[in-house]
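Structure first, then comments.
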Amino acid sequence: MSLRDDLDLPDGDGVAVGIDLGTTYSVVGVCRRRKVEILANDNGSRTTPSIVGFLDGQSFVGDAAKDLPAANQVFDAKRLVGRQWSDRSIQEDKSVWPFEVEEHGGVPRIRVKIGERNDTFAPEEISAMVLRDLKKTAEAALGQSVSKAVVTVPAYFNERQRQATKDACRIAGLEVLAMINEPTAAAIAYGLDNKKDVGPSKTVFIFDLGGGTFDVSVMKISGSSFQVLASGGDTHLGGQDFDVLLLEHCLEDLKKTLTAAKKKTLMQDKQAMQDLRQACELVKRKLSTVPQAPLSVFLSRLNKGYQTTISRSLFENVCSSLFLKTIQVSEKVLTDAKVTRGDIDEVVLVGGSTRIPKVRALLRDMFGGKELRQSINPDEAVAYGAAVHAAVLTGDKFFDGMVKLRDVTPLSLGVFSVGGKFSRVIKRNTPIPCKNTRTYVTFEDNQLELGSKIYQGERPLVKDNYYLNKEYRIAVPRLPAGQAKTDVTFEIDASGLLTVTCVETTSGRQVQVRVTPQEAYLSEDDIQAMIEKARRLRREDQDALREVNEDIQRKRQRLS
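Residues 1 to 560 (full-length UniProt numbering) are what the sequence shown spells out, left to right.
Dropping the structure here:
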């Protein structure tokens, strides 16, 4: 019996899945008739590495890609999507990635070799390959096509990053029914799994430390209502960053035994760097259960082995800055939510990196020894909540009315002001839907118009924030500086659509613009070209596999 029969799923495309598209691992789940199922891939694992590999003209995803040489792997697409080439994180990360990243029209592209030709991929295309693999996993388990999904993103993702994730889903052949924040999805999972214990109302602190991102949310759970009070985080803080700090420590230790020439050879050896990084990740995982662990790597180009022992206390000292950052972000979110530590009823852990003992010790200390809740596998909680929300949106009667979400704005929204300053109109962590108006005046005598570009972010200067590719302009009376005025209203509806209305106060004339994230990133032509490219690559993979199978068959016939 297939899972589709077990869950009594409908035929056709009525079923929708929940997807946690992670930096390091991704998970897919489905929910029907009172049941949530996290689906296993071809290898029997319920988590799939978010890695794509290219070898001999074929592409691979997940564990198959992870086994390829470092130069053939592409990962960390989640750290690339929606970002500009000039972003500091891109410039820092590209020095440690084994794959090539280059600029293309102001945004990063990944260069790979497919067979005899070089090709470039947008980060969305790499994410789409992972999503397509998850789609295939779901279809194999359910015995039917899957074309709809609820997909999760970090709470601190900006609009460009959110839209880039939606674009990746379209390229993969998935319609996004909704995009919800990862800690919100985890809260849904926690709330439903502990429904009897939640009671009439609880204030819950969600601490989500994954492989590449960090999110914190304070939520009020009252029956079927899930209200976000405040969110915060860092889209570039996760388990991988702990790996990198440990790697840097080991490199400094190793370099003490090398000549200048061999040091240069080591730093240019992508395979050696990847092997060392993977060894550091393995040691980090072991240190969650033992006080010390051996680290051993053979560096073939140097014809030299490197062995050392890493203690838990050494690891904690090396990574102390990251531990401190998680607590600083947590304190800020509590302040933004206007709650104290004592107001928190439950602390819920999400993400594989919450297994690190130091993380748990810091949280216990922060909340006065309060028990840390982890009733659902931290690797699966986000996909679990996404699957539940997918069931709600597709009309599952059992979950009807059981989940009502009210989220907040992840980042501030505002306009360009005098001197390039960022003028906030709606502050981050404002509950959605929301509306706010600010008045702006002319800066010069006889100024002919007032207007501005629209931005999102938290930096004091607009150049450091995210331009949403929209602006408004309106004519104003010729008056002395400061006398002509406009009232600018930002309004966000329940679906997250931002409408900006500018009213010239003397005449009452107004202009209005709607800011849709689609206008801030890939064009429709871009997306269609990527969809066709994905189809072509699938055909090439199928042709290559067919040739291999035919070759095997010919060899068998010769041997028989």
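By construction, the Cβ of each residue, glycine as well, lies at the ideal position given by its N, Cα and C atoms.
- Per DSSP, reduced to three states, the secondary structure at PHE214 is strand.
- Of the candidates ASP208, GLY212, THR48 and ASN43, the residue whose Cα lies closest to the Cα of VAL27 is THR48.
- DSSP places VAL476 in the coil class of the three-state scheme, outside both helix and strand.
- For THR265, the secondary structure class from DSSP, reduced to helix, strand or coil, is helix.
- Using a Cβ distance threshold of 8 Å, LEU209 and SER417 do not count as a contacting pair.
- Per DSSP, the unbroken beta strand (DSSP E) holding ASN118 starts and ends at 117 to 121.
- Here the alpha carbon of LEU393 sits roughly 35 Å from the alpha carbon of VAL511.
- Within the same chain, ALA185, ALA186, ILE188 and ALA189 come within 6 Å of GLY385 by CB-CB distance, once the 5 residues on both sides are set aside.
- Between GLU504 and THR489, the C-beta spacing is not below 8 Å.
- Note on the stretch 286 to 368: whole alpha helix (DSSP H) runs with a minimum of 4 residues are 312 to 318, 320 to 337 and 357 to 366, in chain order.
- Distance from the Cα of ASP464 is smallest, within the candidate group VAL339, VAL415, PRO431 and LEU448, for VAL415.
- In the three-state reduction of the DSSP assignment, ILE188 falls in the helix class.
- The way I'd put it, the stretch 56 to 74 does touch the stretch 121 to 140; three or more beta-carbon pairs between them come closer than 8 Å.
- Per DSSP, reduced to three states, the secondary structure at PRO410 is coil, with no helix or strand assignment.
- With a contact defined as Cβ atoms closer than 8 Å, GLN161 and VAL74 miss out at about 18 Å.
- One thing to note: VAL228 has its Cβ no nearer than 8 Å to the Cβ of VAL333.
- Judged by DSSP in its simplified three-state form, HIS104 adopts strand.
- In the DSSP assignment, LEU254 falls outside any beta strand (DSSP E) and within the unbroken alpha helix (DSSP H) covering 239 to 255.
- With fewer than 16 other Cβ atoms from the protein chains shown falling within 10 Å of its own Cβ, GLU102 counts as exposed.
- Under the criterion of beta carbons closer than 8 Å, ALA172 and ARG132 qualify as touching, at roughly 4 Å.
- Taking C-beta atoms as the reference points, SER231 and ASP241 fail to come closer than 8 Å.
- With 16 or more other Cβ atoms from the protein chains shown falling within 10 Å of its own Cβ, THR326 counts as buried.
- Checking the DSSP bridge columns, you'll see PHE207 partnered with VAL216 and LEU349.
- With a cutoff of 8 Å on beta-carbon distance, ILE454 and VAL500 are scored as near each other.
- Secondary structure of LEU68 (DSSP, three-state): coil.
- Annotation: LEU363 to PHE323 spans about 10 Å, alpha carbon to alpha carbon.
- With the rule of 3 Cβ pairs closer than 8 Å, the stretch 475 to 486 counts as touching the stretch 439 to 455.
- Taken through DSSP and simplified to helix, strand or coil, LEU372 comes out as strand.
- Residue pairing by DSSP places ASN181 opposite VAL153 in a beta bridge.
- Going by C-alpha positions, CYS434 is about 33 Å away from VAL36.
- Contact between ILE114 and GLY57 is confirmed by a C-beta separation of about 6 Å, below the 8 Å threshold.
- Under the three-state reduction of DSSP output, ARG424 falls in the strand class.
- Just so you know, the alpha carbons of LYS427 and GLN144 end up roughly 44 Å apart.
- Judged by beta-carbon spacing, ALA272 lies beyond the 8 Å limit of ARG32, meaning their Cβ atoms are not closer than that value.
- A check of alpha carbon separations from SER201 across ASP345, GLY44 and GLY508 identifies ASP345 as the nearest.
- In the three-state scheme derived from DSSP, where H, G and I count as helix and E and B as strand, ARG111 is classed as strand.
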